[in-house]
């Protein structure tokens, strides 16, 4: 019975929040911001698929994005970055 109560509580908890839809390109903006700011993490993008382990969300005023279709980046502590992306993050 405890598991059922927790499941219902979880459902009610989910209903109390608005569902936030990601802005188009928001994930690639977050990847660009994290790589530009050298925030440690692993970043992968392929078309509309994005994976960001670590890093941070982009600031609202950050205009940059990743312009390539696919790429992989590893940012390590100590300002080391290894990336297949060689472009800039400026908006086009």
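In the working numbering, the protein residues as written are 1382 to 1473.
In this text, a Cβ means the ideal position worked out from N, Cα and C, and glycines have one as well.
No experiment lies behind these values; they were computed from the predicted model shown.
Using C-beta distances below 6 Å, list every residue in its chain close to residue i, excluding the 5 sequence neighbours before and after it, in chain order.
| i | result |
| --- | --- |
| residue 1399 | Confidence at residue 1399 is low in this model, with a pLDDT of 49, below 50, so the placement of that residue is unreliable and no value is reported for it. |
| residue 1443 | 1414 |
| residue 1448 | 1468 |
| residue 1408 | 1431 |
Going by C-alpha to C-alpha distance, which of the options sits closest to residue i?
| i | options | result |
| --- | --- | --- |
| residue 1432 | 1440, 1423 and 1439 | 1423 |
| residue 1427 | 1420, 1470, 1406 and 1439 | 1406 |
| residue 1467 | 1460, 1459, 1452 and 1458 | 1452 |
| residue 1459 | 1445, 1430 and 1420 | 1420 |
Look at the Cβ atom of residue i, then the Cβ atom of residue j, and state whether they are nearer than 9 Å.
| i | j | result |
| --- | --- | --- |
| residue 1464 | residue 1436 | no |
| residue 1473 | residue 1439 | no |
Quick one: what's got a C-beta closer than 7 Å to residue i's C-beta in the same chain, skipping five residues either side?
| i | result |
| --- | --- |
| residue 1417 | 1445 and 1470 |
Could you pull out every residue in the same chain whose Cβ sits closer than 8 Å to the Cβ of residue i, ignoring the five residues on either side in sequence?
| i | result |
| --- | --- |
| residue 1412 | 1424, 1426, 1431, 1433, 1436, 1447 and 1454 |
- Message: Which complete beta strand (DSSP E) runs does the stretch 1393-1461 hold, if anything under 3 residues is left out?
- Response: 1422-1427, 1430-1435 and 1451-1457, all fully within the stretch 1393-1461.
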